[in-house]
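Protein sequence lines correspond, in order, to chains P and W.
Going by our numbering, the first residue of the first sequence is number 1, and it counts up by one from there.
Going by our numbering, the first residue of the second sequence is number 1, and it counts up by one from there.
Accompanying notes for the structure given below.
There are 2 protein chains.
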Amino acid sequence: MNPSQLSTRERILEYAGDMFGKKGFKSTTIRMIAQEAGVNVAAVNYHFRDKEGLYAEVIEDIFSKGFARFPSLDPKSDPAMSAEDRLKLFIRGTIYRILSPEGWGGLNGKGRLIAREMMEPTSAFTQVIETYIRPHKDRLVAILWEIVGKGARQEDILLSVVSILGQCIYYVYATSIIERVAPEYTPVENNIDKIIDHVFRFSLGGLENIKADKEIA
Amino acid sequence: MNPSQLSTRERILEYAGDMFGKKGFKSTTIRMIAQEAGVNVAAVNYHFRDKEGLYAEVIEDIFSKGFARFPSLDPKSDPAMSAEDRLKLFIRGTIYRILSPEGWGGLNGKGRLIAREMMEPTSAFTQVIETYIRPHKDRLVAILWEIVGKGARQEDILLSVVSILGQCIYYVYATSIIERVAPEYTPVENNIDKIIDHVFRFSLGGLENIKADKEIA
DNA sequence: GCAAAATTCAAACAAATGTTTTAATCATAT
DNA sequence: ATATGATTAAAACATTTGTTTGAATTTTGC
């Protein structure tokens, strides 16, 4: 839909998301948002009460749309599938949600706002953690138990969750550094499928090592 | 040294680092820094010209001290060592620099400021990338070539660099989320050595898989 | 078509904040 | 000891910015 035919409220929500992501909460001024969205400054307070109210709705909006488009449990996955294949789908969904333009668009889009929230959660984020992030993590935990086997230690599972999600999220988080330090590297946005393959292979190898160590011990 | 016997200039540098990390550049006010450091507001402009000048010096100060204390090339490492052992030392140095109290102290210390800069580099960071980060990455690249073998593809090496550094850095970046989503997990700060072991094992397994794929292809 | 409600708008307000000014104080070298 | 320069201090300045106000305009329900 053409932005100009969205309602005032929706236009504010849209531009505020970009702006909060690009500049952070404090550096983003209501006047900037209003100008970008082509609305009056007072419209923000009218529709969202205050700047914090707007921010909270932006966060909720981004997460609900992101997980709706790329659920943590891929609809193509099926209980009969091997745990390895489900891991691949899980990684694919996560990376597409974070990096792709249909998702959060990486560091140049809403992804930047998410990155800020992960580092420094605001009160608006508490709800999001319970609704989206915890179930997401729990699904990964379940997959890893299957791959590593019941005899594994919970600690190793949790550390592996962090290792896998860390790889995925680091691609958003460090895009600008990656591009500066390794200019020979094709921009992240054009490489999503290669990144997915790599993270999957790398993680599967990592899990093999965790499994092997368990059996030795 | 007792903070109260540091020079005005050094006290400002110290408290500004914490404050910029905790609240970000924009939200940190000169008045807050001055109050914490117990100096007059005008002292900041006197010693550092303006807020940006102060910020630039804070960044340079943090990186020079961090890499001096935990160099990317561990002094204990030795060319005769196996590449695997050097990888372990590399990961150890990186994680200690980022997480330990003698280093950047993770998300509760200067680590937070670094995390901000990685996501959104300021002009003060450009210098730091060339001086510290690029050589750091180049050392890891060299180690990985040895482990994976000369026949590997450059692309796989670069992706693996991101996978390994991503795991290390994610522990700073996501500490607060980790603690909220997995309360059963012991706080990151008390777990540094376990994290190092895990990242090393996981990464070695990942690299095995990269190596194996290369040989198949 | 009209009254009531919802929305938009321009202007003003009040607080926060980076910076400058000017005078006072301290340190240092002769 | 004193003069010179470096440092600190309090106050004022200029700008930015979130929010409110009250009138104008548009939309909605009947």
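C-beta: ideal position from N, C-alpha, C; glycine also.
Might you give, ordered along the chain, the residues of its own chain that have their beta carbon closer than 8 angstroms to the beta carbon of residue i, omitting 5 neighbours on each side?
i: residue 199 (chain W); result: 91, 95, 164, 167 and 168
i: residue 128 (chain W); result: 59, 60, 63 and 117
i: residue 76 (chain W); result: 89
i: residue 192 (chain W); result: 95, 96, 99 and 100
Within its chain, find whatever has a CB closer than 6 angstroms to the CB of residue i; leave out the 5 residues flanking it on each side and keep chain order.
i: residue 156 (chain P); result: 210
i: residue 83 (chain P); result: 143, 146 and 147
i: residue 97 (chain W); result: 66, 70 and 103
i: residue 21 (chain W); result: 110, 112 and 113
i: residue 205 (chain P); result: none
Run through chain W and tell me which residues come within less than 8 angstroms of residue i, C-beta to C-beta.
i: residue 208 (chain P); result: 205, 208 and 209
i: residue 112 (chain P); result: 119 and 120
i: residue 177 (chain P); result: 118, 121, 129 and 133
Would residue i pass as an interface residue toward chain P - the criterion being a Cβ-Cβ separation below 8 angstroms?
i: residue 121 (chain W); result: yes
i: residue 103 (chain W); result: no
i: residue 199 (chain W); result: yes
i: residue 115 (chain W); result: yes
i: residue 88 (chain W); result: no
Taking residue i as the query, report the chain W residues whose CB atoms sit under 7 angstroms from its CB, ordered along the chain.
i: residue 202 (chain P); result: 160, 163, 206, 209 and 210
i: residue 100 (chain P); result: Correct list: empty, because the minimum Cβ distance to chain W is about 18 angstroms.
Relative to the C-alpha of residue i, which residue among the options is closest?
i: residue 66 (chain W); options: W:109, W:46, W:33 and W:48; result: W:109
i: residue 180 (chain P); options: W:184, W:68 and W:120; result: W:120
i: residue 130 (chain P); options: W:71, W:178 and W:20; result: W:178
i: residue 143 (chain W); options: W:207, W:41 and W:174; result: W:207
i: residue 35 (chain W); options: W:25, W:19, W:115 and W:48; result: W:19
i: residue 172 (chain P); options: P:39, P:107, P:40 and P:195; result: P:107
i: residue 170 (chain W); options: W:196, W:153 and W:102; result: W:196
i: residue 189 (chain W); options: W:137, W:100, W:9 and W:104; result: W:100
i: residue 17 (chain W); options: W:81, W:79, W:42 and W:115; result: W:115
i: residue 176 (chain P); options: W:8, W:46 and W:125; result: W:125
i: residue 86 (chain W); options: W:45, W:12 and W:140; result: W:140
i: residue 10 (chain W); options: W:79, W:201, W:162 and W:48; result: W:48
i: residue 174 (chain W); options: P:161, P:183 and P:182; result: P:161
i: residue 136 (chain W); options: P:32, P:182, P:132 and P:159; result: P:182
i: residue 44 (chain W); options: W:134, W:12, W:57 and W:158; result: W:12
i: residue 158 (chain P); options: W:27, W:80, W:185 and W:74; result: W:185
i: residue 73 (chain P); options: P:23, P:133, P:32 and P:25; result: P:133
i: residue 8 (chain P); options: P:203, P:201, P:42 and P:153; result: P:42
Using a Cβ-Cβ cut-off of 8 angstroms, state whether residue i counts as contacting chain W.
i: residue 213 (chain P); result: yes
i: residue 182 (chain P); result: yes
i: residue 32 (chain P); result: no
i: residue 24 (chain P); result: yes
i: residue 192 (chain P); result: no
i: residue 137 (chain P); result: yes
i: residue 3 (chain P); result: Reliability of the predicted coordinates at residue 3 (chain P) is poor, the pLDDT of 45 falling under 50, and no value is obtained from them.
i: residue 20 (chain P); result: no
Which residues in chain P have a C-beta closer than 8 angstroms to the C-beta of residue i? List them in chain order.
i: residue 171 (chain W); result: 162 and 166
So which residues on chain P does residue i lean against when the C-beta distance must stay under 9 angstroms?
i: residue 174 (chain W); result: 118, 119, 162, 165, 166 and 169
How would you list, in chain order, the residues of chain P whose beta-carbon sits under 7 angstroms from the beta-carbon of residue i?
i: residue 185 (chain W); result: 158
i: residue 134 (chain W); result: 181
i: residue 27 (chain W); result: 26
Which residues in the same chain have their Cβ closer than 7 angstroms to the Cβ of residue i, if we skip the five residues on either side of it in sequence?
i: residue 71 (chain W); result: 93
i: residue 51 (chain P); result: 30
i: residue 105 (chain P); result: 111
i: residue 40 (chain P); result: 34
i: residue 1 (chain P); result: At residue 1 (chain P) the pLDDT is 40, less than 50, meaning the model places this residue with poor confidence and gives no usable figure here.
i: residue 56 (chain P); result: 124
i: residue 25 (chain P); result: 55
For residue i, go through chain W and note every residue whose CB falls closer than 9 angstroms to its CB, in chain order.
i: residue 150 (chain P); result: In chain order: nothing, as chain W lies at least about 18 angstroms away.
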